[in-house]
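Undergrad: First to last, the protein sequences are chains A and B.
Going by the working numbering, the first sequence opens with residue -5, and the numbers climb by one from there.
Going by the working numbering, the second sequence opens with residue -10, and the numbers climb by one from there.
We treat Cβ as the ideally placed atom computed from N, Cα and C, and that holds for glycine.
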Amino acid sequence: MSRPSLRVARVAGSGADWVEQVWRAVVTVLERAGGAQLRRGACALLVGLLAAHGAANAQPPHPSRAAVVGLAFDAGTRTIFKATAENLYRSGDEGRTWTAVTLPPAAARGRIAAVAVSAGNKPALYVAGPGMGVLRSDDDGRAWTSRSKGLPSDNNIVALAAHAAQPGTVYVDVAGHGIFRSMDGGARWKLMDRGPRERIVRFIHTNMPGSMQTGWLFAATAKGVSRAMDCFCGWHSAGALGHAARAVAYDPSRPQDIYAATDDALFLSTNGGERWARINAPAPAVSALVVTPSGELYAGTGDGVLFRSADRGRTWKRTGA
Amino acid sequence: MVLVGAASLAHAGARDGPASAPEHFRVARAIFEKNCASCHGARGEGAPHWEHRDAKGELPPPPLDAGGHAWKHADGMLYRLVEAGWRDPFNKTERLTMPAFGGKLSPQQIRAIIGYLKTLWTPAQRRFQLGESRREPFPPDARPSGRQGKSGGMQPRN
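1. Identify the continuous beta strand (DSSP E) that holds A/Ser112 and give its terminal residues.
2. Can you give me the C-alpha to C-alpha distance between B/Pro129 and B/Gln114, rounded to a whole angstrom?
3. Near A/Thr295, which residues of its chain fall below 7 angstroms by C-beta distance, leaving aside the five closest residues on each side in sequence?
4. Strictly below 8 angstroms CB to CB, what residues from chain B border A/Glu268?
5. Quick one: list the residues of chain A neighbouring B/Lys61, beta-carbon separation under 9 angstroms, in chain order.
6. Chain A partners of B/Trp75, CB-CB under 8 angstroms?
7. Run through the segment 64 to 97 of chain A for me and flag every whole beta strand (DSSP E) of 3 or more residues, listed as ranges in chain order.
8. Please state if the CB of A/Ala113 and the CB of A/Ala158 are separated by a distance shorter than 8 angstroms.
9. Work out the CA separation of A/Thr215 and A/Ile194 for me, nearest whole Å.
10. Which residues does DSSP pair with A/Tyr292 in a beta bridge?
11. What beta strand (DSSP E) runs, 3 residues minimum, are completely inside the segment 187 to 213 of chain A?
12. State the DSSP-derived secondary structure class of B/Asp130, mapped to helix, strand or coil.
13. Give me the Cα-Cα distance between A/Pro327 and B/Trp75, rounded to the nearest whole angstrom.
14. Once DSSP output is grouped into helix, strand and coil, what is the label at B/Phe90?
15. Considering only the beta carbon of each residue, do A/Ser131 and A/Ala137 sit closer than 8 angstroms?
16. Starting from the C-beta of B/Lys93, find all residues in its chain whose C-beta is less than 8 angstroms away, skip the five residues before and the five after it, and write them out in chain order.
17. Can you give me the Cβ contacts of B/Glu125 inside the same chain, cut-off strictly under 8 angstroms, excluding the 5 residues immediately before and after it?
18. Which whole-angstrom value describes the C-beta separation of A/Pro124 and A/Val152, a residue pair presumed to lie in contact below a C-beta threshold of 8 angstroms?
19. How long is the line joining the alpha carbons of B/Phe127 and A/Ile273, rounded to whole angstroms?
20. For A/Asn327, is the classification buried or exposed, using 16 other Cβ atoms within 10 angstroms of its Cβ as the cut-off for buried?
21. Where are the beta strand (DSSP E) runs, 3 residues long or more, that stay fully inside the segment 44 to 110 of chain B, in chain order?
22. Kindly list, in the order they appear in chain A, the residues whose Cβ is closer than 9 angstroms to that of B/His58.
23. From the DSSP output, in three-state form, read off A/Lys143 for me.
24. Is the shortest distance between the beta-carbon of B/Glu34 and the beta-carbons of chain A less than 8 angstroms?
25. Measuring only between beta-carbons, confirm whether B/Glu40 sits less than 8 angstroms from chain A.
26. If you compare alpha carbons, which of A/Glu80, A/Leu260 and A/Asp167 is closest to A/Pro98?
Below is the structure:
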């Protein structure tokens, strides 16, 4: 099985339905046949099926080779979260080992587009994506609640970002609608803006100074990086990156330092996106970025690999997955 | 005359009473025309091409009417911008993008201008802005004692 971790966890939901269907069929046959031997055989079959189902769930997670679509870091527990379109993983040892995070069965209806950790002492973990809406966990991924009420019913969420400083504030970009903001952890949403002209691939919130309100939004788009104050006073192109951007991140300890990944290169701006300088990339196709408060830069790639740099992208080390 | 008008606003302000509203509106519009219209337009329509930096590398004054984004901002934020000004950090000059009017206008006059702006917005925009203002209302200096309403608004003219 190539991706047993969360995929199996997701199957657990539909698997229960499947076992139930088998059991109903068995009961129907027994009712028609009526033999004690048949009953014993059917029970043994069912026990076997359940055991096989449990064994599948118990398999350890494997490093996924699917593209990394999102990275997030919980500074309190020093946990890094890595999302692919179908699975979410956590690592508490800088990426050396990974554990699958089980999402609710409803998540199987869609795919993951983003993962984020909120600010604050008790941060919330969010995942979001087309078809699944917004999911929030307040216990490090053990239990999840849907936070999609108030968002367009098509649930076509393409990006999510947590506010850099306000624990309850989170933003989502919904295709065809625009950017919604919640200030109460996803309980209520307000449409704020239609977003930049170009489609957003990823976006982030930074507490870079100079905003009329509390910070800035940076979006990786098909034309580079776009920037807006979080008062939603208009989107502007951030510098002349000149390429489609696949990922964007900022350094919490230097909020004016913005990283952007294009199809084949990695860039750093030290002045809020005005000018970009190419830096050393760990791989040609970086698809997700995150920077920890101590300045460690993580880059996830299109083939599921995660790299770590402790010197702002000068040198890189491949992590365990 | 403007000061006298503002003093009356300090009493009546956003009371929104039908009899007093026209006078509030007239006074507030006069303050707007004297202090804001030269940059933001006589009807708050903003400068041409306001979404793009000009030749000096500055952002032109945006619309303050329904076509802009002022309606997205809470009373407290709008007050702060008018009172203290603001400089776009990406300005290519050192000038303030929005000049500070705190030394020129009283708190009541600033509040009157913001009340006038609300008459330029759609009902849906006013509802949105009211929600934002619950989180960030006018500062205490601009909150008149007694009879004023909560919104800082006045009867809309659109």
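TA: Straight from the coordinates:
1. Judged by DSSP secondary structure, A/Ser112 falls outside any beta strand (DSSP E); it is assigned neither H nor E.
2. One C-alpha to the other measures close to 24 angstroms.
3. The residues are Val62, Ala277, Ala279, Val280 and Ser281.
4. Going along chain B in sequence order, the residues near A/Glu268 (Cβ under 8 angstroms) are Phe79.
5. Those are Met186, Asp187, Cys225, Phe226 and Cys227, listed as they occur along chain A.
6. The answer, in chain order, is Met206.
7. Runs of the beta strand (DSSP E) lying entirely within the segment 64 to 97 of chain A, each at least 3 residues long, are 64 to 68, 73 to 77, 82 to 85 and 93 to 95 in chain order.
8. In this structure, A/Ala113 lies closer than 8 angstroms to A/Ala158 by Cβ.
9. The C-alpha of A/Thr215 is placed about 5 angstroms away from the C-alpha of A/Ile194.
10. Paired residue(s): A/Val284 and A/Arg302.
11. Runs of the beta strand (DSSP E) lying entirely within the segment 187 to 213 of chain A, each at least 3 residues long, are 194 to 200 in chain order.
12. Three-state DSSP puts B/Asp130 in a helix.
13. No answer is possible for residue 327 of chain A: it lies beyond the span of chain A, which begins at -5 and ends at 315.
14. In the displayed model, B/Phe90 falls within coil according to three-state DSSP, outside both helix and strand.
15. Pairing A/Ser131 with A/Ala137 gives a Cβ-Cβ distance under 8 angstroms.
16. Taken in chain order, the residues that qualify are Asn24.
17. Answer for B/Glu125: Ala63, Asp64, Gly65 and Met66, listed in chain order.
18. Between A/Pro124 and A/Val152 the beta-carbon gap is near 7 angstroms, inside 8 angstroms, which marks them as a contact.
19. The alpha-carbon atoms of B/Phe127 and A/Ile273 are separated by roughly 46 angstroms.
20. As displayed, chain A neither begins before -5 nor continues past 315, which places residue 327 of chain A out of reach and without an answer.
21. As for any beta strand (DSSP E) of minimum length 3 sitting wholly inside the segment 44 to 110 of chain B, there is none.
22. Correct list: Asp187, Cys225, Phe226, Cys227 and Gly228.
23. Three-state DSSP puts A/Lys143 in coil, outside helix and strand.
24. Output row for B/Glu34: interface = no.
25. It does; some Cβ of chain A falls within 8 angstroms.
26. Of the candidates A/Glu80, A/Leu260 and A/Asp167, the one whose C-alpha sits nearest the C-alpha of A/Pro98 is A/Glu80.
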